[in-house]
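A.B. asks: For the sequence shown, my numbering assigns the number 391 to the initial residue and increments by one for each residue that follows.
The structure follows.
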Amino acid sequence: NWGRELLELFSMGVGNYTETDVKECAKAFTGWTIGNVDYMMVRSQRDSDWPYGRIAYHFKYLDQDHDSRAKNFLGHSGDLDGADIIKIICDEESTARFIARHLYHFFVADEVPVPSWNEIGPRDVEAIEELVQTYFDSNHDLSSMLKTLFNSGFFRSDRSRYKKVKGPAEFAVGVLKISKEFDVPNRDMIPKYRQIGWMGQELNNPPSVEGWHEGQEWINTGALIERINFASEQLGNKQNPGIKELISDIETCISNEDGPEQTLDTCLIHMGSLKLSEDSRSAILNYAESILDTHERVTGVIRLLGSTKEFQMA
Numbered sequence: 391n392w393g394r395e396l397l398e399l400f401s402m403g404v405g406n407y408t409e410t411d412v413k414e415c416a417k418a419f420t421g422w423t424i425g426n427v428d429y430m431m432v433r434s435q436r437d438s439d440w441p442y443g444r445i446a447y448h449f450k451y452l453d454q455d456h457d458s459r460a461k462n463f464l465g466h467s468g469d470l471d472g473a474d475i476i477k478i479i480c481d482e483e484s485t486a487r488f489i490a491r492h493l494y495h496f497f498v499a500d501e502v503p504v505p506s507w508n509e510i511g512p513r514d515v516e517a518i519e520e521l522v523q524t525y526f527d528s529n530h531d532l533s534s535m536l537k538t539l540f541n542s543g544f545f546r547s548d549r550s551r552y553k554k555v556k557g558p559a560e561f562a563v564g565v566l567k568i569s570k571e572f573d574v575p576n577r578d579m580i581p582k583y584r585q586i587g588w589m590g591q592e593l594n595n596p597p598s599v600e601g602w603h604e605g606q607e608w609i610n611t612g613a614l615i616e617r618i619n620f621a622s623e624q625l626g627n628k629q630n631p632g633i634k635e636l637i638s639d640i641e642t643c644i645s646n647e648d649g650p651e652q653t654l655d656t657c658l659i660h661m662g663s664l665k666l667s668e669d670s671r672s673a674i675l676n677y678a679e680s681i682l683d684t685h686e687r688v689t690g691v692i693r694l695l696g697s698t699k700e701f702q703m704a
């Protein structure tokens, strides 16, 4: 499994290696093991070694367990070991593209599901090329790739705004930052962790070694209902300090003579300059027009904005 996971999930992606490469990769890593198994077993009784305990894993190499026969991996031959395999993988262009696309997918805009990457090209070819070039120019340095990404025109472009579905944790944290229900961590946060799990992301417990499938796969009927309920509960609670502050700030910017349009536009600015579709805008305006009291109108619009499809995006 290690050889396949290394090549498929964490470096090159499907279609850039053969079954022989997988087997030769596994052979090269023979002899690599954990050096403190007995210590870990004792600590496991007092702590947790799953998924992230305070146990220090120690690497150990056992030469007598290494398969020293010649191996052929991605066109390279010899008595290859794990370090050789990693170096060969890092030098591959497919690795550079796979990493570049993951960074773009995580920080800029949602791509198609990862298993389709070998068949469907990237959303922004020029952006990926720029990141790939940085990967090789910097000798495979990820921090340099991130610097290129964050300083790029494609990252700051309007074309990248609201092109990512927020993951459940990102969505919940964003809502809680608005509501300011918590100013310091405490046990009352535990139910919020559970709600994030109901949205599809059980914290520290991914469904597989691959992690979570992101993008549009975060959204299904059940998850969307949980998101809307969470946002509605937080944004509709006027006892939350952040909501009190938000309502006060908005009311300061409008007058009793201002109509639903001005109220909605002011709320949008204060909630992150959201840009609504015509359908979403029309639905919220219909509600706002039915509420005559300014305070109740503002409160209701804030709550409704949390249920829009645009609020699910980053």
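A virtual CB, placed ideally from N, CA and C, is assigned to each residue, including glycine.
1) Beta carbon of GLY616, beta carbon of MET579: below 9 Å?
2) Which same chain residues, not among the five before or five after LYS628, have their C-beta less than 8 Å away from its C-beta?
3) Counting pairs of Cβ atoms below 8 Å between the region 449-465 and the region 494-502, do you hit three or more?
4) On the premise that PHE540 lies in contact with MET402, defined as a C-beta separation below 8 Å, what is that separation, rounded to the nearest angstrom?
5) Give the range of the alpha helix (DSSP H) segment to which ASP488 is assigned.
6) Given that a residue counts as buried once 16 or more other Cβ atoms are within 10 Å of its Cβ, and exposed if not, what is ILE518?
7) Taking 8 Å as the cut-off, is the beta-carbon of TYR451 closer than that to any non-hydrogen atom of the ligand COA?
8) Check for me: the beta strand (DSSP E) holding LYS450 runs from which residue to which?
9) In terms of alpha-carbon separation, which member of VAL522, ILE609, ARG549 and TRP507 lies closest to GLY557?
10) With a cut-off of 8 Å, do at least 3 Cβ pairs link the region 651-663 to the region 598-609?
11) Shortest alpha-carbon distance to HIS614 belongs to which of GLU641, ALA562, GLU651 and PRO581?
12) Please work out which residues of its chain come closer than 8 Å, Cβ to Cβ, to VAL555, disregarding the five sequence neighbours upstream and downstream, and give them in chain order.
13) Excluding sequence positions up to five away, which residues of its chain have a Cβ less than 7 Å from the Cβ of ASN391?
C.D. replies: Walking through what the data contain:
1) Sequence inspection shows Glu at residue 616; the Gly mentioned does not correspond to that position. It is not a contact, given that the beta carbons lie outside the stated cut-off.
2) LYS634, ILE637 and THR689
3) no
4) Incorrect: roughly 25 Å between the Cβ atoms, too far for contact.
5) Per the sequence shown, residue 488 should be read as Phe rather than Asp. Note, PHE488: alpha helix (DSSP H), 483-497.
6) buried
7) Here there are no bound small molecules, and the ligand COA is not part of this structure.
8) 449-451
9) ILE609
10) no
11) According to the sequence shown, residue 614 is Leu rather than His. For the residues GLU641, ALA562, GLU651 and PRO581, the minimum Cα distance to LEU614 belongs to ALA562.
12) ASP500, GLU604, GLY605, GLN606, TRP608, ILE609, GLN702, MET703 and ALA704
13) none
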